[in-house]
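Novice: Using my numbering, you'd call the opening residue of the sequence shown number 200 and step up by one each time.
The C-beta atom is built at its ideal place from N, Cα and C for all residues, glycine as well.
After the structure tokens below, expect a handful of questions from me.
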Amino acid sequence: MTRMSIIEDAREVVRASALIELGARMQVLESELALPRDRLIRLYHEIKGESPPKGMLPSSADWYMTWQANIHASLFYNTYVFLKDSAGCSHLDALTKGFRLYREHCAHNGLEMQLDLTRAWTLVRFFNGAILQLTSCRRCAGKFVIHKYDAPEGKVCAICQPPSRAGKRAKAKPPRPMPVPLDSERSPAG
Ligand SMILES: [Zn+2]
200 MTRMSIIEDA
210 REVVRASALI
220 ELGARMQVLE
230 SELALPRDRL
240 IRLYHEIKGE
250 SPPKGMLPSS
260 ADWYMTWQAN
270 IHASLFYNTY
280 VFLKDSAGCS
290 HLDALTKGFR
300 LYREHCAHNG
310 LEMQLDLTRA
320 WTLVRFFNGA
330 ILQLTSCRRC
340 AGKFVIHKYD
350 APEGKVCAIC
360 QPPSRAGKRA
370 KAKPPRPMPV
380 PLDSERSPAG
């Protein structure tokens with residue numbers, strides 16, 4: 200293994216710190232960063248004041264198909280794709296910036312957050328692994344998350360067609376599309 204430069208090492212620490220502050224689990228950190236596990240654990244301790252939680256990561260793509268989770272996953276993933284493909288962010292920057300925007304959007308609109316950082320990260324993995332895809336709603340044309348094996352044509356999104364159990368309160372306040380800042384700071388690729 201080649202030795203990282205001091206600058207690249209420092210950048211990795213900054214990236215790790217941002218992810219830990221947003222609630223990343225160890226599995227996320229180890230898979231995204233080139234830092235050794237013992238340093239990640241120490242960093243986690245310093246930032247959170249406790250040991251990283253143990254346990255398995257969520258692994259079901261079905262989780263993203265329930266009504267509210269699907270709306271939130273679609274909001275997050277659309278933002279992630281914009282940051283990565285149109286704003287020139289790296290995967291990791293798109294993940295952290297996209298998740299911050301999602302968190303701010305929920306706070307600003309009084310919505311209970313459905314995704315945590317691990318769910319957001321897993322969502323991106325499911326897209327990369329061709330388990331999930333985006334399709335356009337035939338009513339509002341908004342793009343939303345469906346299984347890869349689902350036929351993409353003619354679907355209606357969870358905002359346009361909430362389940363009847365969602366009730367009046369939820370129908371009265373559908374989450375609005377998340378505004379994506381066009382002046383988002385560009386970061387160097389990689
Ligand atoms: Zn729709």
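Looking only at its own chain, which residues have a Cβ that is under 7 Å from the Cβ of Arg-236, when we skip the five neighbours before and after it?
Specialist: Start at 1 with the first residue of the sequence shown, and residue 236 comes out as number 37. Taken in chain order, the residues that qualify are Glu-229.
Novice: For the alpha helix (DSSP H) that Phe-325 lies in, which residues bound it at each end?
Specialist: The residue given as residue 325 occupies position 126 in the sequence shown. Unbroken alpha helix (DSSP H) run through Phe-325: 316–327.
Novice: Going by DSSP in three states, Leu-331 sits in which element: helix, strand or coil?
Specialist: On the sequence shown, position 132 is the one that residue 331 refers to. It is a strand residue.
Novice: With C-beta atoms as the reference, is Ala-260 less than 8 Å away from Leu-314?
Specialist: Position 61 of the sequence shown, counting from 1, holds the residue named residue 260. Position 115 of the sequence shown, counting from 1, holds the residue named residue 314. No; because the gap between Cβ atoms is not below 8 Å, this pair is not in contact.
Novice: Between His-304, Arg-302, Tyr-276 and Phe-298, which lies nearest to Phe-325 when the distance is taken from Cα to Cα?
Specialist: For the purposes of this step, residue 325 is taken as the residue at position 126 of the sequence shown. If we check each option's Cα against that of Phe-325, Tyr-276 comes out closest.
Novice: Classify Pro-380 as helix, strand or coil using the three-state DSSP reduction.
Specialist: Here the question's residue 380 lines up with position 181 in the sequence shown. The predicted model places Pro-380 with a pLDDT of 49, which falls under 50 and marks its position as unreliable; any figure quoted below should be read in that light. Coil at Pro-380, not helix or strand.
Novice: Rounding to the nearest angstrom, what Cα-Cα distance links Ala-233 and Leu-310 in this structure?
Specialist: If you number the sequence shown from 1, residue 233 lands on position 34. If you number the sequence shown from 1, residue 310 lands on position 111. Going from the Cα of Ala-233 to the Cα of Leu-310 covers about 35 Å.
Novice: Buried or exposed: Lys-283, going by 16 or more other Cβ atoms within 10 Å of its Cβ?
Specialist: To locate residue 283, count along the sequence shown from 1; it is residue 84. When all chains shown are included, Lys-283 counts as buried.
Novice: Are there 16 or more other CB atoms within 10 angstroms of the CB of Glu-352, so buried, or fewer, so exposed?
Specialist: Along the sequence shown, one-based indexing puts residue 352 at 153. Counting Cβ neighbours within 10 Å, Glu-352 comes out exposed, since fewer than 16 surround it.
Novice: Quick check: is any heavy atom of ligand 1 less than 7 Å from the C-beta of Cys-171?
Specialist: No answer is possible for residue 171: it lies beyond the span of the chain, which begins at 200 and ends at 389.
Novice: From the DSSP output, in three-state form, read off Val-355 for me.
Specialist: In the sequence shown, residue 355 corresponds to position 156, counting from 1. Under the three-state reduction of DSSP, Val-355 is assigned to coil, being neither helix nor strand.
Novice: Under 7 Å: does the beta carbon of Val-344 sit that close to some heavy atom of ligand 1?
Specialist: Here the question's residue 344 lines up with position 145 in the sequence shown. Answer for Val-344: no, Cβ out of range of ligand 1.
Novice: What distance in whole Å lies between the Cβ atoms of Leu-322 and Ala-286, which are believed to be in contact at a cut-off of 8 Å?
Specialist: For this step, residue 286 is matched to residue 87 along the sequence shown. For this step, residue 322 is matched to residue 123 along the sequence shown. Contact flag wrong, Cβ pair sits at about 19 Å.
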